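Student: In this note's numbering, the protein residues as written are 16 to 118. Beta carbons are placed, not taken as given, at the ideal position from N, Cα and C, and that holds for glycine. It should be emphasised that the depicted structure is a prediction, and the values quoted were computed from it without experimental measurement. Handing you a structure now.
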Amino acid sequence: GAWYAAGSVSGAFKFHEKVKAAGLKAKLTVGPWTHGCRKNCSPFAFDDNPKFDLYGELVRFFDCYLKELPDTQIPDEEDIHFWTVGAERWVGAYNWPIMDVTT
């Protein structure tokens, strides 16, 4: 997902919740970029490079859930990872919306 992808971010959160409600594993990453992780759009960023290894994360995800490789550590991580615009850092959560965030 992307905070700056014109409406797709709400759909990403809704889809994530529907998958979880069906009893399936669900992971979601929402960053400060445009659709496709091409450009960091945070007004607080020093440059527009997203500095996120999207393809590396995709390979790690598929290694875990398609190849069932044990060393990805994905099952032990929070279900949702999102970029906090302004604080300019990643935060993990198990549910959305989150009720309390400690910065």
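(1) Check each candidate in 44, 26, 98 and 37 and name the one with the smallest Cα separation from residue 89.
(2) Is the CB-CB distance between residue 56 and residue 19 below 8 Å?
(3) In three-state terms, what does DSSP make of residue 124?
(4) CB-CB under 8 Å to residue 60, same chain, minus the five flanking residues each way: which ones, in chain order?
(5) State yes or no: is the C-beta of residue 31 within less than 8 Å of the C-beta of residue 41?
(6) Candidates 94, 80 and 62: which alpha carbon is nearest residue 107's?
(7) Are the beta-carbon atoms of residue 84 and residue 78 separated by less than 8 Å?
Tutor: Once the coordinates are examined:
(1) Checked all of 44, 26, 98 and 37; the closest Cα to residue 89 is 44.
(2) Their beta carbons are under 8 Å apart, which means residue 56 touches residue 19 by this criterion.
(3) Residue 124 is absent from the structure shown; the chain starts at 16 and stops at 118.
(4) Excluding sequence neighbours, residue 60 sits near 47 and 103.
(5) For residue 31 and residue 41, yes; Cβs fall inside 8 Å.
(6) The residue with the shortest Cα to Cα distance from residue 107 is 94.
(7) For residue 84 and residue 78, yes; Cβs fall inside 8 Å.
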